[in-house]
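Visitor: The sequence shown: position 75 = 74 (numbering that gives the first Met the number 0), numbered continuously.
Think of the CB as a built atom: it goes at the ideal place given N, C-alpha and C, for glycine as much as any other residue.
Take a look at this one; I'll ask things after.
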Amino acid sequence: MAFDLIVRGGTLPDGRVADIGINGETITAIEPTLQGPARTEVDARGNLVSPPFVDPHFHMDATLSYGIPRINASGT
């Protein structure tokens, strides 16, 4: 399988070392060793790879337009 990006040899939060294959904006494979070409490769050996620690996406429009605070049930 071909990938847009492969992050090679990164340490996952659970301690496993793996390659991460990405196509577009989607992680499509996480395996100990990915085979196949990639347009770009990043050597992450010795580094922690994880999802973002901060989600900067939020909607202020509903709170501002309705005039009442609302808790986001999605957790973001």
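1) Assuming contact is defined by CB atoms lying nearer than 7 angstroms, are Ala-17 and Ile-29 in contact in what I supplied?
2) Fully enclosed by the region 24-56, which beta strand (DSSP E) runs are 3 residues long or longer?
3) Per DSSP, what kind of secondary structure is Leu-11 in: helix, strand or coil?
4) For a test of the three-state rule: what should DSSP assign to Ala-1, helix, strand or coil?
5) Among Arg-44, Ile-21, Thr-25, whose alpha-carbon lies nearest the alpha-carbon of Gly-8?
6) Quick one: measure Cβ to Cβ for Val-48 and Leu-11, integer angstroms, because I've assumed they're closer than 8 angstroms.
Guide: The short version:
1) yes
2) 25-30, 37-42
3) coil
4) coil
5) Arg-44
6) 6 angstroms
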